[in-house]
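J.: Have a look at the structure that comes next, please.
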């Protein structure tokens, strides 16, 4: 079977229903995806710093590397293509790096995160459907299987004892045992602690099979985000997005209409969340249309809109542009993280497109250096 991946630049997010604890039920904002909201220029007050990552013959980040966990002391990076994981300090100095493929380790890295409090690194093996746990220096500690009959594609650091896991309905079919895609399991042995009361009857497929070719829309920002102790849970098969708090309470962020199951669906997702505002993306998700474009070598539909939601006033407006995009990351509150490839910064420096601190950082780079991490704090 041939796999054909269709890459889009923005994210595919969305979630479902409640938790085992409780769900708040006050008035929920509605995002009308067919509405033209007033356009606005919005420049947030930010503090930005740049951290060039150490480069050596032993520490080379591949094309699939990205930041998965950011703390006040550490930057944790995983490479889903090569299976490498890296832990850096806040000066960009490598603390450890390893690849656990083979043996007791993993076959294919699907997701990973760093648990700073317990000094452990968790890796989800996509093929083996297991979690492999390592010490900070890459020493194997333990592993455990995921719940049976599910395809877990995401694990998150919920608290000191529990993982939040997510099952994706790859082909769109929802079997009885798959109607609750979010679960909490033990970090020690993988035993099921509870299922979130998030209930799906239908699902948008991740893959489309046609003439023995499997098509997939891949989004660089594609799932849950964690800011401080609050999760934003999201997938592409429900019409509501929620917070998940550390006490397991789900609070609806907003409802989107028309439904994500429309004939020509559009999907909403959160790309930035602060104490004062959220930025919501709206983008098309039509696997059949994008398959036809790919077959005809036509460009993809990149018509993404960014909607600004003022948390205090509830006002909605459309941003003329937006550059702070949260990916699949666990980061402090009011924080955004971006990974700059060195060769791109070198190109921009030569074209005199950079200013300030980033210009200074780029002036010392070579095209084959490791990336630079941009950390933005919203004031």
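Numbering (this note's numbering), first residue to last: 27 to 405. The beta carbon of each residue, even a glycine, is placed where N, CA and C say it ideally should be. What you are looking at is a predicted structure, and each value in this text was computed from that prediction instead of being measured.
1. For residue 347, does the count of other Cβ atoms within 10 angstroms reach 16, so buried, or fall short, so exposed?
2. Evaluate the contact criterion for the stretch 263–283 versus the stretch 55–68: three or more CB pairs, one atom per stretch, below 8 Å.
3. Here's the rule I'm using: 16 or more other beta-carbon atoms within 10 Å means buried, otherwise exposed. How should residue 35 be labelled?
4. Which one of 137, 110, 225, 120 has the shortest CA to CA distance from residue 127?
5. Measuring only the C-alpha atoms, how far is residue 362 from residue 350?
6. Do residue 151 and residue 136 count as a contact pair if the criterion is CB distance below 8 Å?
7. Counting pairs of beta carbons, one from the stretch 159–177 and one from the stretch 227–242, are three or more of them closer than 8 Å?
8. Going residue by residue through the stretch 135–200, where are the continuous beta strand (DSSP E) segments of at least 3 residues, counting only ones entirely within it?
9. Quick one: what does DSSP say residue 202 is sitting in, helix, strand or coil?
10. Apart from the five residues on each side of it in sequence, which residues of its chain come closer than 8 Å, Cβ to Cβ, to residue 98?
11. Taking three-plus beta-carbon pairs below 8 Å as touching, is the stretch 199–206 in contact with the stretch 141–161?
12. Taking only three categories from DSSP, how would you classify residue 86?
13. In this structure, how does DSSP classify residue 374 when only helix, strand and coil are distinguished?
14. With respect to the beta strand (DSSP E) encompassing residue 295, which residues constitute its N-terminal and C-terminal limits?
15. Hey, residue 365 and residue 399: beta-carbon distance below 8 Å or not?
16. Return helix, strand or coil for residue 357, following the three-state DSSP convention.
17. Using beta carbons (cut-off 8 Å, strictly below), is residue 387 in contact with chain D?
18. Exposed or buried, residue 368, counting other C-beta atoms within 10 Å across all chains shown (16 or more means buried)?
19. Measuring straight from C-alpha to C-alpha, what distance separates residue 405 and residue 271?
20. Quick one: Cα of residue 204 to Cα of residue 214, how far?
21. In angstroms with no decimal places, state the Cα-to-Cα distance between residue 376 and residue 177.
22. To the nearest angstrom, how far is the alpha carbon of residue 132 from that of residue 154?
23. With a threshold of 7 Å on Cβ separation, who are the neighbours of residue 340 within its own chain once the five nearest residues in sequence on each side are excluded?
24. What are the boundary residues of the alpha helix (DSSP H) that includes residue 315?
25. If I measure Cβ to Cβ from residue 219 and keep anything under 7 Å in the same chain, skipping five residues before and after, which residues do I get?
26. Work out the CA separation of residue 103 and residue 85 for me, nearest whole Å.
27. Go through its chain and collect everything with a Cβ distance to residue 89's Cβ below 7 Å, but skip five positions before and after it.
28. Go to residue 61, then tell me how far its alpha helix (DSSP H) extends in each direction, as first and last residue.
29. Buried or exposed for residue 295, going by 16 or more other Cβ atoms inside 10 Å?
30. Find out if the Cβ-Cβ distance for the pair residue 352, residue 298 is shorter than 8 Å.
31. Do residue 79 and residue 396 have their C-beta atoms within less than 8 Å of each other?
32. Relative to the C-alpha of residue 320, which candidate in 260, 384, 336, 239 has its C-alpha closest?
33. Exposed or buried, residue 287, counting other C-beta atoms within 10 Å across all chains shown (16 or more means buried)?
34. Less than 8 Å between the beta carbons of residue 94 and residue 139, yes or no?
35. For residue 261, which of 322, 196, 290, 123 has the nearest alpha-carbon?
T.: By the coordinates alone:
1. The residue you call residue 347 lines up with position 321 of the chain shown. That one is exposed.
2. yes
3. Residue numbering aside, residue 35 sits at position 9 when the chain shown is read from its first letter. Because residue 35 carries a pLDDT of 42, less than 50, the predicted location of this residue cannot be relied on, and the following value inherits that uncertainty. Counting Cβ neighbours within 10 Å, residue 35 comes out exposed, since fewer than 16 surround it.
4. Taking the first residue of the chain shown as position 1, residue 127 is located at position 101. Here the closest residue by C-alpha is 110.
5. Residue 362 sits at position 336 when you count from the first residue of the chain shown. Residue 350 sits at position 324 when you count from the first residue of the chain shown. Looking at the two C-alpha atoms, the distance is approximately 7 Å.
6. Along the chain shown, read from residue 1 onward, the residue named residue 136 stands at position 110. Along the chain shown, read from residue 1 onward, the residue named residue 151 stands at position 125. Closer than 8 Å, so yes.
7. As far as the Cβ criterion goes, the stretch 159–177 does not touch the stretch 227–242, which means the pair count is below three.
8. 135–141, 146–151, 156–161, 166–171, 178–183, 188–193
9. Within the chain shown, residue 202 is the residue found at index 176, counting from 1. In the structure shown, residue 202 sits in a helix (DSSP, three-state: H, G or I).
10. Along the chain shown, one-based indexing puts residue 98 at 72. In its chain, beyond the 5 residues on either side, 116, 358 have a beta carbon closer than 8 Å to the beta carbon of residue 98.
11. no
12. Your numbering for residue 86 matches position 60 in the chain shown. Looking at residue 86 - three-state DSSP - the assignment turns out to be coil, as it is neither helix nor strand.
13. As a working mapping, residue 374 is identified with position 348 in the chain shown. Residue state, collapsed to three classes: helix.
14. Translated into positions along the chain shown, residue 295 becomes position 269. Unbroken beta strand (DSSP E) run through residue 295: 292–299.
15. As a first step, residue 365 is located in the chain shown; it is residue number 339 there, counting from the start. As a first step, residue 399 is located in the chain shown; it is residue number 373 there, counting from the start. A contact, by the Cβ cut-off of 8 Å.
16. To locate residue 357, count along the chain shown from 1; it is residue 331. Three-state DSSP puts residue 357 in a strand.
17. Protein chains in the displayed structure number just one, and chain D is not present.
18. The residue labelled residue 368 in the question sits at position 342 within the chain shown. Buried: at least 16 other Cβ atoms inside 10 Å.
19. The count along the chain shown starts at 1 and reaches residue 405 at position 379. The count along the chain shown starts at 1 and reaches residue 271 at position 245. So the two alpha carbons sit approximately 22 Å from each other.
20. Here residue 204 refers to the residue found at position 178 when the chain shown is read from its first residue. Here residue 214 refers to the residue found at position 188 when the chain shown is read from its first residue. Spanning the two alpha carbons is a distance of roughly 23 Å.
21. Taking the chain shown and counting its residues from 1, the one referred to as residue 376 is at position 350. Taking the chain shown and counting its residues from 1, the one referred to as residue 177 is at position 151. Computed Cα separation, rounded: 46 Å.
22. Indexing the chain shown from 1 puts residue 132 at position 106. Indexing the chain shown from 1 puts residue 154 at position 128. The alpha-carbon atoms of residue 132 and residue 154 are separated by roughly 7 Å.
23. Position 314 of the chain shown, counted from the first residue, corresponds to residue 340. Within the same chain, residue 340 has close Cβ partners 55.
24. Translated into the one-based positions of the chain shown, residue 315 becomes position 289. Here the alpha helix (DSSP H) through residue 315 covers 313–321.
25. On the chain shown, residue 219 is found 193 positions in, with the first residue counted as 1. The residues are 188, 210, 211, 212.
26. Residue mapping note: residue 85 aligns to position 59 of the chain shown, counting from 1. Residue mapping note: residue 103 aligns to position 77 of the chain shown, counting from 1. Approximately 12 Å between the Cα atoms of the pair.
27. The count along the chain shown starts at 1 and reaches residue 89 at position 63. Correct list, in chain order: 107.
28. One-based indexing of the chain shown puts residue 61 at position 35. In the DSSP assignment, residue 61 falls outside any alpha helix (DSSP H), carrying neither H nor E.
29. The residue given as residue 295 occupies position 269 in the chain shown. It counts as buried.
30. Taking the chain shown and counting its residues from 1, one reaches residue 352 at position 326. Taking the chain shown and counting its residues from 1, one reaches residue 298 at position 272. Contact flag set, yes.
31. As a working mapping, residue 79 is identified with position 53 in the chain shown. As a working mapping, residue 396 is identified with position 370 in the chain shown. Yes; because the gap between Cβ atoms is below 8 Å, this pair is in contact.
32. Start at 1 with the first residue of the chain shown, and residue 320 comes out as number 294. Comparing Cα positions, the closest option is 239.
33. Looking up residue 287 in the chain shown gives position 261. Counting Cβ neighbours within 10 Å, residue 287 comes out exposed, since fewer than 16 surround it.
34. Locating residue 94 in the chain shown gives position 68, where the first residue counts as 1. Locating residue 139 in the chain shown gives position 113, where the first residue counts as 1. Yes; because the gap between Cβ atoms is below 8 Å, this pair is in contact.
35. Locating residue 261 in the chain shown gives position 235, counting from the first residue. It is 196 whose Cα lies nearest to the Cα of residue 261.
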